[in-house]
Each structure stands twice: as structure tokens, then as C-alpha cells.
Amino acid sequence: MALRVYNTLTSEKELFVPLIPGRVGMYVCGVTVYDYCHIGHARAGIVFDIIYRYLKYAGYDVTYVRNYTDIDDKIINRANQEGTDYRTIADRYIEAFDEDMASLGLAKPTVEPKATDHIGGIISIIEALIAKGHAYVSAGDVYYAVETFTGYLKLSGRNLEDMQAGARVEVGDKKRHPMDFALWKGSKPGEPWWHSPWGNGRPGWHIECSAMSMEFLGKTFDIHGGGKDLVFPHHENEIAQSEGANGCQFVRYWLHNGFVNINAEKMSKSLGNFFTIRDVLKTYDAETLRFFILSAHYRSPLDFSDQNLDEARSGLERINSCLAALDEIVAEQSAPRAPAPAGALAEVGLELQEKADQFLPRFTEAMDDDFNSALALGVLFETVRCTNRFIAETKEMTQASLALISRIRGLFAEAGGVLGLFSTAPAVWLEGLKAAKAGGISMAPDEIERLIVERAEARAAKNFKRGDEIRDLLLENGIQLLDSAQGTTWNVK
RNA sequence: GGCGCGUUAUCCAAGAGGCUAGGAGCCGGUCUGCAAAACCGUUAACGUCGGUUCGAAUCCGACACGCGCCUCCA
0 MALRVYNTLT SEKELFVPLI PGRVGMYVCG VTVYDYCHIG HARAGIVFDI
50 IYRYLKYAGY DVTYVRNYTD IDDKIINRAN QEGTDYRTIA DRYIEAFDED
100 MASLGLAKPT VEPKATDHIG GIISIIEALI AKGHAYVSAG DVYYAVETFT
150 GYLKLSGRNL EDMQAGARVE VGDKKRHPMD FALWKGSKPG EPWWHSPWGN
200 GRPGWHIECS AMSMEFLGKT FDIHGGGKDL VFPHHENEIA QSEGANGCQF
250 VRYWLHNGFV NINAEKMSKS LGNFFTIRDV LKTYDAETLR FFILSAHYRS
300 PLDFSDQNLD EARSGLERIN SCLAALDEIV AEQSAPRAPA PAGALAEVGL
350 ELQEKADQFL PRFTEAMDDD FNSALALGVL FETVRCTNRF IAETKEMTQA
400 SLALISRIRG LFAEAGGVLG LFSTAPAVWL EGLKAAKAGG ISMAPDEIER
450 LIVERAEARA AKNFKRGDEI RDLLLENGIQ LLDSAQGTTW NVK
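Numbering (numbering that gives the first Met the number 0), first residue to last: 0 to 492.
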């Protein structure tokens, strides 16, 4: 097993070698807690969730840190709008964030620090930067002098001259260089503040991540993640701060997830084209959303639309139907009336056995290749197809075929654990899907049942015309009839 | 203007020089009174123009289109 990851710093896939063998330190930028999270946040959360899960699955002892930015202009603005204090806003949206991530089925990070709990560490780093000549005090603020750090912009591959040519940089009179950024901001009246050697104030945005990552992961650690939009300025500034203060490499591997798009445009607050996680979860369940996100590579853009979500749901339904069938076979066997007969596997069984043998090697090969979840899902689907064929073509379950079935089921559970899928029992998931769809119909269940009985009677009397009329009537109301040997049930189309 | 990414069949999507990706759909089959559902099977593609190579979706160049970052952003 040889994990390779795409490192933004080098623009290449590299062999992943942790600093300390067997251990991984990983820091991912969380959110600024001033509003509900949207699907873009969900993607970042889910992407790094499976990276976290896969690293653990690969045997690493992972320390995963994801922060809350709980002090920031936006939080203060929101508090002012509502006539309350920043803490109330921050705590409210921390709680909402936790709820959203839990409903998405994210594993809890090892540590979830808050910026405001690390003011001491922030001040220490700023002091070190001033001492080394990387930062300067200016009228109650402290700024980072970007020209003093030779590696500045190495992550985003730009240079200062070109950046300024962009001409959208404001020249603040407090700054020596227009690209200098605030490490500490003197507080204005009415704003929250902390004591510091430079007067009362609060930290700039970027410094908290340098402080918290160093606190929990040390001066140099393995993986730092976040959305692509954080590359500049946030991560670039983190590098300048941490490497400037510590004089050693900050992060070995930089991982960045792609955006969620709406009609090929980035989903964002400023464009107003966003959907919150809680709104989407009213229509689509968490596993469907996760499956949708996993169906594309984490660095690619991902277009969010009902059609794409529906397709994801169909795909997940296919896998869950197969797993439910496996569960049923296993359950039947748990109380057998007679022991299953012996006998060798037929040809389709041998083929499935080979799929089972290849399953984990292919799955890990896909995930080892920069967490290629889309390719990994392909392995699942191929196995599903072969399994369905095996079930359809196997007339009598022998001991060998039953053993194969439970083996396949176990493999899906194992892969599901890494991908965060199938945590809901497949049969339960399928029931939930049916119930969710049933919410949108106009016909009362009693009426449906009455019509089904009438149709059954008509069909028994060979009055197929009347039977088909009833079937069409129900279909017009979105009710799909499912005839089987056990009778007729219905579903919402 | 600078830097970067992308363009794969009807749609979504993997693919880092020769090896069936996968899913949804369409179509065909099994089942059915006929259907539906389910299952099985099958189909088709590499933006344009050049170049390198025995061989290119994959490497190189140009062009076109789309997107992102350069301002808070996952």
C-alpha cells in the first residue's frame, strides 16, 4: 500500500511519507461561525472526513485538528445587527455546525479548538515575528511585512508584482507594503478585545491557524487541508507566519478540495447561490449527499443540481438494494431448518469469488491514488453487478455460496466504513427513501389500498381493462404499483 | 492584466502512452394477462488544429470555450 497525494505546494502527486512513521498530524480549516453552513462546507467536511477515515484505515495514528473561527469581522457585524454580543453568535453557529456535521455522519476530529481559546499562543507567535523583524507595530495594529519572507506566495505560485498589478489591493496608510496583512487589530469601541503588548485588540484572521496547529501538532506537521479558495491569502499567510516565527518547514503536504458549483459557478455567500446543509437534508438524506460528493474526485469542481442528486440517489439505491438482498439471505440462514448442502461454486460463483479477492486491493489502490473515491465506487458497482447475477443464477444456496455472500457483505461494510456509507442498514435506508417520496403524494393511503383491492378483484375476474384503468389512475397520482407473487404493494414514482 | 484548472458518449464521471472504468438513461432480454418494479445484457466518447511516437483521451505547442484565485469565502 503506497498512498500518493496531490500536494498544492509542488503541484504534483507525491508519495505520502509522514514525519513520524505510523503517525499523521492533520489540520483542516473549519468555518467562521456566523451563519448556517452550505453545501460547499459539507463538501469540505466530507472530503476531509474520508481522508481522515482512510488514513486511520491505512493504519496511521491520526491527530485531526479542525478549528472554529469564533472571532472575526463577520461575527461582530452579525452581533451588531442582532443587537447581541459576538459570543452569542459564535456559540449559536458552533452548535449549528456541530449539528450539521453530525447529521452528515462526519467522524469527530481529535481536537476542535476555538480561536478565542488560543489568544496566548497567538500573542507568542506575533512576538516572535516582531523579534525576528517579520512584523511591525503600527498605530495599535500589528502587520506582517510580506517582503521580509522570501518564501511568500510559494504555495499559490505568484509574485508580489503581479499581485499588485491586479490593482484590487487597498493601500492602507498603516501598512508599509500594500500586501502586508494584519496579525493583530486594535479594537474599536464596542468590539470584543483581549489584552496584548500592543494594546487591547483581537487577532487577525490568519494567525489563529498558525497558533492552533502548532499547539496541537507541533511546528512541522504532515497535512494541512481546506478549500481551494483558502490557498491565497489564508494558507499563504499561515506559511509566512509559522515559518517566519519557527524557522522551519510548516506543512509537508497541502491538500485542497474543489468547489461545489451551481450552473458551473462557484457556490458562495456573496453570489447568493447557495443551499444550506439543513435545507438540502430535507429533500435528500445524508448518505445520498455523501455519495454524490464521493462520486467525483475531491479536487474537481462538482455541479450541484437536483438531477445530479437524483442520479446519486439511484446509484446508492442500487447498491443498497443489493446489500439488503444479501442481508436477507444471511438472516434466513441464521435460523436454518436444515443445514445448507455442500457443493462447489458454479461458474458465476467463481467469478464472484474472484471479485471478492480483488475487492480490497482494488479499493485501496483507488484510495491510495490521491483518494480517488469515484474510482473506488466503481469497484463497488462492479461487485454489485456480479453479486446480483450470482443471486439470480443460484438456485440452491450451498455452504460455499453462503460463505461467499457473507464475505461480500463484510467487504461492503469495510469499504463503507472508510467512505462513511451504509451506516444505516440497507433495508432501513430503502424504507426511508420510500417514506420520503411518499411525502409528496395527494392520494390517501386508504384510498390507494381500496383501489388495489378493487384491481385485484377485477384481475381475478379477468377484467383486465378495469384493472389497467385503476393502475393508470394511480400512476397519474404518482403511485406505482408493484405486483409480486406475495401480492401488490405500491411505491411513489 | 497575472497565475492556475478544466473540456471524455444523451447526462454524471474515472482514466498520468498500448490493457472492458463505473453510474443514470436509451435499447434488447428474463419475469408478467399486458405492464411496472427488480435483475441481466448491450450501446457509444475523448473541444479544434498541428507535433512527438510503431502507437496519444493520456506527452508537447497553438487556438477556442468554460471556470477559479488575485477581496471575506470550504
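Glycine included, each C-beta is placed from N, C-alpha and C at the ideal position. Keep in mind that this is a model prediction, so the values were computed, not measured.
Three-way DSSP call (helix, strand, coil) for residue i in this model
i, result
"R114", "As written in the sequence, residue 114 is Ala, which differs from the Arg given in the question. If DSSP states are grouped into helix, strand and coil, A114 belongs with the helices."
"S313", "helix"
"L322", "helix"
"L105", "coil"
"T287", "helix"
"F249", "coil"
"F15", "coil"
"D302", "strand"
"S372", "helix"
"N236", "helix"
"C28", "strand"
"L154", "coil"
"L270", "coil"
"T87", "helix"
"Q479", "strand"
"N494", "The chain is shown from 0 up to 492; residue 494 falls before or after that span and cannot be answered."
"S123", "helix"
"A341", "coil"
"G165", "Confidence is the limiting factor: at G165 the pLDDT is only 49, short of 50, which leaves the residue's position unreliable, though a coordinate-based value still follows. In this structure, G165 counts as coil in the three-state DSSP scheme."
"A295", "coil"
"R175", "coil"
"N262", "coil"
"K354", "helix"
"T62", "strand"
Buried or exposed (CB count within 10 angstroms, at least 16 for buried), residue i
i, result
"L472", "exposed"
"P112", "buried"
"G119", "exposed"
"A330", "exposed"
"E237", "buried"
"G165", "Because G165 carries a pLDDT of 49, less than 50, the predicted location of this residue cannot be relied on, and no value is offered for it."
"A424", "exposed"
"F96", "buried"
"H223", "buried"
"T9", "exposed"
"P360", "exposed"
"D72", "exposed"
"F463", "exposed"
"D278", "exposed"
Cβ neighbours of residue i in the same chain (closer than 6 Å, five flanking residues each side left out)
i, result
"I276", "C36, A41, D99"
"N245", "K218"
"E146", "H176"
"I292", "R42, I45"
"K55", "V61"
"R77", "Y33, I88"
7 Å Cβ shell around residue i - same chain, five flanking residues per side excluded
i, result
"N490", "K433, Q479, L481"
"S557", "Only positions 0 to 492 of the chain appear in the structure, and residue 557 is not among them; the question remains open."
"W192", "S186, N199, G200, R201"
"H133", "Y143, A144, T147, F148, G243"
Backbone CA spacing between residue i and residue j [nearest angstrom]
i, j, result
"A57", "T363", "9 Å"
"A285", "P188", "44 Å"
"L18", "M211", "19 Å"
"V64", "P338", "51 Å"
"A411", "L379", "The sequence given here places Phe at residue 411; Ala does not occur at that position. Each residue's Cα considered, the two are about 8 Å apart."
"D140", "I125", "11 Å"
"C385", "G409", "16 Å"
"V259", "S441", "34 Å"
"D48", "V110", "14 Å"
"D356", "Q306", "35 Å"
"I38", "T115", "26 Å"
"N272", "S304", "12 Å"
"A528", "L105", "An answer regarding residue 528 cannot be provided, because it is not within the stretch 0 to 492 covered by the chain."
"T393", "I328", "12 Å"
Cut-off 8 Å between Cβ atoms - residues of its own chain near residue i, not counting five sequence neighbours on either side
i, result
"P232", "F180, H205"
"L403", "L344, G348, L351, Q352, A355, F389"
"P340", "E395, T397, Q398"
Nearest-angstrom Cβ-Cβ length linking residue i and residue j, presumed shorter than 8 Å
i, j, result
"S294", "A311", "6 Å"
"F220", "G24", "4 Å"
"S137", "K173", "4 Å"
"E190", "H117", "Actually they are not in contact, since the Cβ atoms of E190 and H117 sit about 19 Å apart, beyond 8 Å."
"L374", "A365", "4 Å"
"A391", "L344", "About 15 Å separates the two Cβ atoms, so there is no contact after all."
"L322", "F249", "Contact flag wrong, Cβ pair sits at about 43 Å."
beta-carbon residue i near the ligand SAM non-hydrogen atom, thresh 6 Å
i, result
"G139", "The model depicted lacks the ligand SAM and carries no ligand whatsoever."
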